[in-house]
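Each number in the working numbering corresponds to the 1-based position in the sequence shown with 628 added. Ideal Cβ positions, reconstructed from N, Cα and C, are used throughout, including at glycine. Since we're looking at a predicted model, the values are computed, not measured. Read through the structure below, which is laid out as structure tokens, and then see the notes.
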Amino acid sequence: MKRVLVTGATGQIGSELTMALRTRYGGDQVIAGGRKTKPSEALRNSGPFEAVDCLDSSAVAGVVRRYGVDTIYHLAAILSAVAEADPAHAWNVNINGLRNVLDVAREHRCAVFVPSSIGAFGASTPPNDTPQDTIQRPSTMYGITKVAGELLCDYYFTRFGVDTRGVRYPGIISHGTLPGGGTTDYAVEIYYEAIRRGRYTCYLAAGTFLDMMYMPDAIKAAISLMEADPGLLVHRNAFNVTALNFDPEILARSIRAHIPEFTMAYQVDDVRQRIADSWPNHLDDSAACEQWGWKPDYDLDAMTGEMLAVLSEKLQQQE
Ligand code: AKB
Numbered sequence: 629m630k631r632v633l634v635t636g637a638t639g640q641i642g643s644e645l646t647m648a649l650r651t652r653y654g655g656d657q658v659i660a661g662g663r664k665t666k667p668s669e670a671l672r673n674s675g676p677f678e679a680v681d682c683l684d685s686s687a688v689a690g691v692v693r694r695y696g697v698d699t700i701y702h703l704a705a706i707l708s709a710v711a712e713a714d715p716a717h718a719w720n721v722n723i724n725g726l727r728n729v730l731d732v733a734r735e736h737r738c739a740v741f742v743p744s745s746i747g748a749f750g751a752s753t754p755p756n757d758t759p760q761d762t763i764q765r766p767s768t769m770y771g772i773t774k775v776a777g778e779l780l781c782d783y784y785f786t787r788f789g790v791d792t793r794g795v796r797y798p799g800i801i802s803h804g805t806l807p808g809g810g811t812t813d814y815a816v817e818i819y820y821e822a823i824r825r826g827r828y829t830c831y832l833a834a835g836t837f838l839d840m841m842y843m844p845d846a847i848k849a850a851i852s853l854m855e856a857d858p859g860l861l862v863h864r865n866a867f868n869v870t871a872l873n874f875d876p877e878i879l880a881r882s883i884r885a886h887i888p889e890f891t892m893a894y895q896v897d898d899v900r901q902r903i904a905d906s907w908p909n910h911l912d913d914s915a916a917c918e919q920w921g922w923k924p925d926y927d928l929d930a931m932t933g934e935m936l937a938v939l940s941e942k943l944q945q946q947e
């Protein structure tokens, strides 16, 4: 029986991944680890919660030992826009935190999932159908930590035999926990503002194409990869994955199919626009498709329909 620790379990992906893992393996089998002392009611009531900071390796080791953890989903990380505002903190959390987790995994023979990102690429990367193996020279601190993280995970696999696996996530769109300071957050905010005000001011320019993914597919990617037969994996850290590709105009159009009066204005934020411009337009995820059967379930219209329906109800309940 699997025993799983999720770090960053109160974050955007962590909060939903923890619940999905609990449904799959049983509530008590999945330990939610977070720095916040106040996890959501759903997280608190469905299984164990431990206050654990990945910068405190003895705290991570303590939880792994106490619960007999064999798999760690290490989601605690600083996102791109926040990392540009405090690069030293981003380096500390994204690199030193990861190394702590890998060392604990090595000692306790745990498998580890570590998300990388489209941010692991830079302006010299081929921007269209970006190959699995290509130039990775990002210009942001977030990207630098993601490339170093991918290499560190491969190193722990080849040198110490730690079963490390990861995907390069695009922007993740969800109606649960809000994202914590990324460049792709506009694609979440836009739904909230469309319902609340019928308009949105976008901080990325029209024509900024980025890959995106709806949360259920992001969760499916993580769990499928971790359950994949290791003999089939040529790559490990980290697989290109994608599901959707759009710019703000296309996203606004899909919202207008449900809310015809929705309007969008632009006020470009230089920092986030520069970050987005340095990222690929669209990844080639054929290695993930071939090696472990990656296939997303949601297209843009299916996601928009569900986002608007779920958020309308949620926001109405909050009024
Ligand atoms: C961010 O925008 O920082 C993240 C990412 C694409 O890695 N959502």
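Nearest-angstrom beta carbon gap, residue j and residue i [assumed within contact, 8 Å]
| i | j | result |
| --- | --- | --- |
| L703 | G639 | 6 Å |
| A916 | W922 | 4 Å |
| V742 | G777 | 6 Å |
| S744 | R796 | 5 Å |
| D595 | G675 | Residue 595 is absent from the structure shown; the chain starts at 629 and stops at 947. |
| G771 | G747 | 4 Å |
| R727 | V790 | Rounded, the Cβ-Cβ distance is 12 Å, inconsistent with contact. |
| G661 | A637 | 5 Å |
| W920 | A856 | 4 Å |
| D866 | G794 | Reading the sequence as shown, one finds Ala at residue 866 and not Asp. Their Cβ separation, rounded to whole angstroms, is 4 Å, which keeps A866 and G794 in contact under 8 Å. |
| T812 | M840 | 7 Å |
| A718 | A709 | Not really, about 10 Å apart at Cβ, beyond 8 Å. |
| V949 | V658 | There is no way to answer for residue 949, as the model of the chain reaches only from 629 to 947. |
| L832 | V896 | 7 Å |
| V680 | H803 | Not a contact, Cβ separation roughly 26 Å. |
Boundaries (first-last residue) of the alpha helix (DSSP H) holding residue i
| i | result |
| --- | --- |
| M769 | 769–788 |
| D845 | 843–855 |
| Y828 | Element bounds for Y828: not the alpha helix (DSSP H) but the beta strand (DSSP E), 827–830. |
| G642 | 640–653 |
| A687 | 685–695 |
| I706 | Careful: I706 lies outside any alpha helix (DSSP H) and carries neither H nor E. |
| V816 | 814–824 |
| H717 | 715–719 |
Bounding residues of the beta strand (DSSP E) (the contiguous stretch that carries residue i)
| i | result |
| --- | --- |
| N873 | 872–874 |
| M892 | 891–894 |
| R796 | 795–797 |
| H702 | 699–702 |
| L671 | Element bounds for L671: not the beta strand (DSSP E) but the alpha helix (DSSP H), 669–674. |
| V632 | 632–635 |
| E678 | 677–679 |
| A660 | 658–662 |
Best match in the options for proximity to residue i [C-alpha to C-alpha]
| i | options | result |
| --- | --- | --- |
| G750 | G835, N728, K774 | K774 |
| G835 | Y894, L649, T870, A856 | Y894 |
| I706 | I723, R694, R693, V691 | I723 |
| D913 | K942, H863, P888 | H863 |
| T651 | E821, D925, G662, K630 | K630 |
| A871 | Q919, E821, I801, R884 | I801 |
| Y926 | I746, P844, P667 | P844 |
| R694 | L645, Y783, V632 | V632 |
| T805 | E947, A709, K942 | K942 |
| P766 | G933, L939, W907 | W907 |
| C830 | F677, M840, Y814 | Y814 |
| Y653 | I851, Q919, H803, N909 | I851 |
| K666 | E678, T891, N909 | E678 |
| S940 | H886, V896, V899 | H886 |
| L838 | V732, A713, D905 | D905 |
| S668 | D681, M647, S686 | M647 |
| P924 | A846, T762, Q760, I878 | A846 |
| P763 | P858, G933, Q944, L911 | Note that residue 763 is Ile in the sequence shown here, rather than Pro. Looking at the Cα atoms, L911 is the closest of the given residues. |
| A713 | R900, T932, Q944 | R900 |
| P759 | V869, R884, M892 | V869 |
| I883 | G725, D761, L936 | L936 |
| Y828 | L645, D681, E877 | E877 |
| T932 | T792, L645, F874, A833 | F874 |
| R663 | L649, T891, A687, D761 | A687 |
| F788 | D731, M854, L649, D898 | D731 |
| R672 | E644, S685, L832 | E644 |
| L860 | H803, E918, Q944, G725 | E918 |
| P807 | E947, Y842, L779 | Y842 |
**Asked** Is it a yes or a no for the segment 686–699 touching the segment 731–738, going by three-plus beta-carbon pairs under 8 Å?
**Response** yes
**Asked** Taking the runs of the alpha helix (DSSP H) that are 4 residues or longer, which of them lie wholly in the segment 858–940?
**Response** 876–884, 898–906, 914–920
**Request:** Specify whether the segment 755–772 and the segment 814–822 touch according to this definition: at least 3 beta carbon pairs, one from each stretch, less than 8 Å apart.
**Result:** no
**Asked** How do the segment 822–836 and the segment 780–789 stand: do at least 3 beta-carbon pairs fall below 8 Å, yes or no?
**Response** no
**Segments of 4+ residues assigned as alpha helix (DSSP H) that fall wholly inside the segment 723–773** = 726–736
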